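Here is the structure we will look at.
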Amino acid sequence: MDLLLSNFWAYTIGGLAFGAIYALIALGYTLVYGVLRLINFAHSEVFMWGSFAAVWVLLALGAKGATGLGLVAFLIIGFAAAMAVSAAVALGLEFVAYRPLRKRNSPPLIALISAIGASYVLSEAMGLRDKPFKWFGADDNLADYVGRPREASPLPLDVPTVRLFYIFDYHVSNIDLIVLGSAIVMMVVLDQFVQRSRLGRGIRAVAQDAEAAALMGVNRDRVIRLTFVIGGAMAGAAAMMYLLKIGVTRYNAGFLLGVKAFTAAVLGGIGNLRGALLGGFVLGVAESYGSALFGSNWKDVVAFTLLVVILLFRPTGLLGESLGKARA
Amino acid sequence: MNPVSSFFHGVADRFRALPRWGRLVVLAVVVVLVYFLPILNPPVITTPDSDFGAVLFLCAMYALVAIGLNIVIGYAGLLDLGYIGFFAIGAYTVGVLGSAHAKVPLLLCIPAAMAVTLISGVVLGAPTLRVRGDYLAIVTLGFGEIVRLILVNADKLTNGNRGISGIPTPPSLDLFGVPHLVWDGFVARVDLDNQTRFIKFSVVDSIPYYWLALTLVFFVLFLDWRMQNSRVGRAWEATREDEDAAELMGVPTFRFKLLAFATGAAIGGLSGALFATKQQFINPDNFTILYSVLFVAMVVVGGQGNRWGVVVAAALLTYLPERFRDLSDARFLLFGLALMALAIFRPQGLMPARRNVRAKRADEETEVLEEGAAHA
Amino acid sequence: MLLEVENLCVNYGRIEAIRNISFTVDEGEVVTLIGANGAGKTTTMKTVSGLRPVRQGTVRFEGQDITSTPAHERPVLGIAQSPEGRGCFVGMTVLENLDMGAYARADRKTPKIKEDRDRVFGLFPRLAERRSQVAGTMSGGEQQMLAIGRALMANPKLLLLDEPSMGLAPKLIQQIFDIITEINKQGTTVLLVEQNAAQALKRAHRAYILETGEIVREGTGQELANDPAVKAAYLGGDV
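Protein chains in written order, with our numbering: chain A, 1 to 328; chain B, 1001 to 1376; chain C, 2001 to 2239.
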């Protein structure tokens, strides 16, 4: 208790920063659930692929050691690479694992099985990435990229921690600011897109009543692809933030984070965008406080216990379900 | 209907057509063959890269797991992604009582493990079975992970990451030895130097454990069959097909769901106890969430609701990666591909339950009627 | 001919919902399909709007074969449907729902949209009052008006109305049918599916009677309304 009280703001800001990462990944779960009523179990691997994309692109560009404006440029490139690759992987996932099922109206459990299969494939493909290069004998040249595929790969970027300003007694760092700032910008942009733009309205229409939406001229398949791309891009952004916070990624980094992000989505009310954001932040902060109170070993237990408790009292999550009904 | 399942149903029909004594003979031959499989050690089928007896033990143990989870998913229609949690609780109950904190003999540990998992099934199920299906999946997923984390962190009770060793074996009889067969190509020879003691449980020989696990499989299958064909089984079916309608007909659906959940949990606990006594050493790494996913895959691959289907699927999904160890690096990749292919090409599982086939046909017909009544 | 349906068959699974039906709708007409529960009226409607795949037969719109055109491309051609059970986007406001109606229009950024919206508000003053209200919180009658208004926002050549009177109070039913007549007078062709045969026949130029998936009678609205057999089966004796 004393630990939490004496470092209250440190734990709060730290929790919010992690919460932002959860929230961005949760957006992908919630968007897809909204339009397809499907738990996209493989979304965590979309995140993981994005994190490797950032690592590889920055390696290829020799980003290590950059400072000043160069560093800023590399940061932006890292975000862009992660978002682009994650979006592409998400789109491919939809095409291979879900569309064939949709064409034949498979029940949800089957779609979940396909999702689980796809999740294994994506993470194992990353864990075995040295193999194809070994066949061609190219693995030595590419050792930085594909060597030791089951080990952690570091972000090849030196971001010095700079303390910027105080919030009460906590000295906010540049990394906190980058993570929270870019997350909030992306959330606002996405929220406005879904609420105001024509395509955003199309997404909401399909989520509320797919048949009626078709009668209005909304192309459901296109909307579905769009939600996968948006969700993927958000997961990619989260991947870059994760790299900034943690410093490394690995082939199985997605799993636990994915479960947590899905927890965040359910916590806020799945299918509800603002719910996913709220759920992410609540989860991040609760975990952070939990680790202060019970020790960091118990962090994850706190997260899941919170989920169970909230579902018991509010079975549809904090803000309720449905993409369109969320006008809070 | 797909070729695999029509073959399966064809065999079943042929079997049913036999006279009573014929059925008994066929059954007895099959059962004896299955028991003697590790002794016969048949070429091609045997696993060259790992102990065949140990592999068969795992097949039987996972079959037990699949039977238990099939009650939850296949009969009651509850998607449980945290089944490994019950398996772990069962194993640790045996570990804690039998080795870490007391020296209770195994034969008392096993009922204790089942009781503890049964209770934890009720404790988890009572609040959560009221939430919607999708949420149940995630709540149980969370539960499975919480159990593992508690095992890691509750150091005083579980020894944390160091795990528990010296778990007691079942009592041995050690009456006589059974010599193994060895094969030169396809020529068999009895190897008198290599014998399995009947029936002595030890680290060196997995075959007695296989016999134990197999016996439990048959026993639980029998109970499962009795249960499914009783009032309880029909209540589960009604709940799964249409919960509201079942409730209206006076089926207390919540209580039956809880019963399925708790029964499944107890069988999961039994499997965990079996695992603990075979390994004699357990630690939290044995119980990661990936296993939950694997268990669900077994049930779905086998065709939810078909008890023989899930047994075969569990055995196959355990056996194949062991048989083809050369591919062991890529086996999870292949597993993932297989799941996707299955979902796309054989969505009802390799051997769909007959009831499901029937239910699907009935559904098609009612859809038309409803479309008429509600929309026209 | 604006719409020609020829030898149409539609199945649900292995069961035939519609068998070999043919009908036409000419420009400027109000045509109604009437029939009992399960006769296949809604299925016919969904086939015309593209929500149901066709097993056999053709659907032609303005002479063009649209049998396999996906549903979301049909509003562009000029077909708009107000679905059965209303199908409003319950989480959107009245204005957003109306904008959804114009989703597929090429001229959606021009002032023409505002004119059409004013036309809808002219037909349904209630909607103008409630323009910022969320559809899910409105009454059944209001949602029905919104569904029709939304379909009109597509500026369709052919308006498909599926059971617009379902579940409404008698006074409202009268009002809805008056508005349908008005819409038709303003130049929109209407295909109407109804259980309220009395009103539908009174308003329609021509009518078809569907029984268990087949067309059993056709004629002008008046002919059928005066036919003794139709009277007995659908009009309950007196009108």
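A virtual CB, placed ideally from N, CA and C, is assigned to each residue, including glycine.
All figures in this text were calculated on a predicted structure; none of them were measured in a lab.
Looking at the strands, I want to know which residues DSSP matches up with phenylalanine 1186 of chain B. Paired residue(s): none; phenylalanine 1186 of chain B is not in a bridge.
Would you mind sorting methionine 1 of chain A into buried or exposed? The rule is 16 or more other CB atoms within 10 Å of its CB. exposed
Of the choices B/Gly1142, B/Gly1085, B/Pro1042, B/Thr1169, whose alpha-carbon is the least far from that of lysine 1200 of chain B? Minimum Cα distance to lysine 1200 of chain B is reached at B/Thr1169.
With a cut-off of 8 Å, does the C-beta of lysine 325 of chain A fall near any C-beta of chain C? Unreliable placement is indicated for lysine 325 of chain A, whose pLDDT of 45 sits below 50; no coordinate value is reported for it.
Against chain B, with Cβ distances strictly below 8 Å, would serine 153 of chain A count as a contact? no
Between aspartate 209 of chain A and chain C, is there a C-beta pair that is closer than 8 Å? yes
At least 3 beta-carbon pairs within less than 8 Å: the stretch 1270-1288 of chain B vs the stretch 1206-1215 of chain B: yes
Compare the Cα-Cα distances from leucine 71 of chain A to each of A/Val259, A/Asn174, A/Leu278, A/Gly147 and report the closest residue. For leucine 71 of chain A, the closest of A/Val259, A/Asn174, A/Leu278, A/Gly147 by C-alpha to C-alpha distance is A/Asn174.
Between glutamine 2195 of chain C and threonine 2043 of chain C, what straight-line distance do the alpha-carbon atoms span, to the nearest angstrom? 14 Å
With hydrogens ignored, establish whether the beta-carbon of arginine 1255 of chain B is closer than 7 Å to any heavy atom of the ligand GTP. The ligand GTP is not part of the structure shown, which contains no ligands of any sort.
Which residue's Cα is closest to the Cα of valine 1232 of chain B: B/Gly1309, B/Asn1153, B/Arg1255? Closest option to valine 1232 of chain B, judged by alpha-carbon separation, among B/Gly1309, B/Asn1153, B/Arg1255: B/Arg1255.
Rounded distance between the beta-carbons of proline 2164 of chain C and serine 2082 of chain C, thought under 8 Å: With 8 Å as the limit, serine 2082 of chain C and proline 2164 of chain C qualify as a contact, their Cβ atoms being about 7 Å apart.
For a contact defined as C-beta to C-beta under 8 Å, what are the partners of aspartate 1329 of chain B on chain A? Leu128, Lys131
Do we get a CB-CB distance below 8 Å when we pair glutamate 45 of chain A with the residues of chain B? Taking Cβ atoms only, chain B never reaches closer than 8 Å to glutamate 45 of chain A, which makes this a no.
Reduced DSSP category for proline 154 of chain A - H, G, I as helix; E, B as strand; rest coil: strand
Terminal residues of the beta strand (DSSP E) in which glutamine 1279 of chain B lies: Counted as a single uninterrupted DSSP element, the stretch harbouring glutamine 1279 of chain B is not any beta strand (DSSP E) but the alpha helix (DSSP H) occupying residues 1253-1279.
Considering only the alpha carbon of each residue, which of A/Gly280, A/Val189, A/Val179, A/Phe313 lies closest to alanine 303 of chain A? A/Gly280
Roughly how many angstroms lie between the CA atoms of valine 172 of chain A and alanine 82 of chain A, to the nearest whole one? Annotation: valine 172 of chain A to alanine 82 of chain A spans about 25 Å, alpha carbon to alpha carbon.
My parser needs the beta strand (DSSP E) runs of 3 or more residues fully inside the stretch 22-76 of chain A; what are they? none
Between which two residues does the beta strand (DSSP E) containing cysteine 2240 of chain C stretch? A question about residue 2240 of chain C goes unanswered here, because the residues of chain C that appear run from 2001 up to 2239.
Sort C/Ile2179, C/His2072, C/Asp2178, C/Val2048 by Cα distance to serine 2022 of chain C and report the nearest one. For serine 2022 of chain C, the nearest C-alpha among the options comes from C/Val2048.
Closer than 8 Å to chain C by CB, leucine 215 of chain A: Output row for leucine 215 of chain A: interface = yes.
Alpha-carbon to alpha-carbon, glycine 1177 of chain B and alanine 261 of chain A: About 56 Å.
Examine chain A for any beta-carbon lying closer than 8 Å to the beta-carbon of isoleucine 1167 of chain B, and answer yes or no. Isoleucine 1167 of chain B is outside the set of residues whose beta carbon lies under 8 Å from a beta carbon in chain A.
Taking serine 173 of chain A as part of the alpha helix (DSSP H), name the residues at either end of that continuous run. Here serine 173 of chain A belongs to no alpha helix (DSSP H); instead the beta strand (DSSP E) covers 170-173.
For phenylalanine 8 of chain A, collect the residues of the same chain with a Cβ closer than 7 Å to its Cβ; drop the 5 residues on either side in sequence, then sort them by chain order. none
Per-residue DSSP class, three states only, for asparagine 1194 of chain B: strand
Residues near alanine 2225 of chain C by beta carbon distance below 6 Å, same chain, minus five either side: Here the set comprises Leu2201.
Verify the CB distance criterion: does proline 1048 of chain B have a CB-CB separation below 8 Å to chain A? no
Whose CA, out of C/Arg2126, C/Ala2071, C/Ala2232, lies closest to the CA of alanine 210 of chain A? C/Ala2071
Hey, phenylalanine 1143 of chain B and glycine 1085 of chain B: beta-carbon distance below 8 Å or not? yes
What does alanine 2207 of chain C pair with, by DSSP beta-bridge criteria? C/Thr2032, C/Gly2219
Within chain A, the residues that threonine 1277 of chain B reaches when beta carbons sit closer than 9 Å: Correct list: empty, because the minimum Cβ distance to chain A is about 28 Å.
Is glycine 1372 of chain B close to chain A, meaning its C-beta is less than 8 Å from at least one C-beta of that chain? With a pLDDT of only 45 at glycine 1372 of chain B, under the threshold of 50, the placement of this residue in the model should not be trusted, and no figure is reported.
For leucine 319 of chain A versus glycine 284 of chain A, is the C-beta spacing smaller than 8 Å? no
Using a Cβ cut-off of 9 Å, pull out every chain A residue sitting near tyrosine 2103 of chain C, in sequence order please. In chain order: Arg198, Arg201, Gly202, Ala205, Ala213, Met216, Gly217, Val218.
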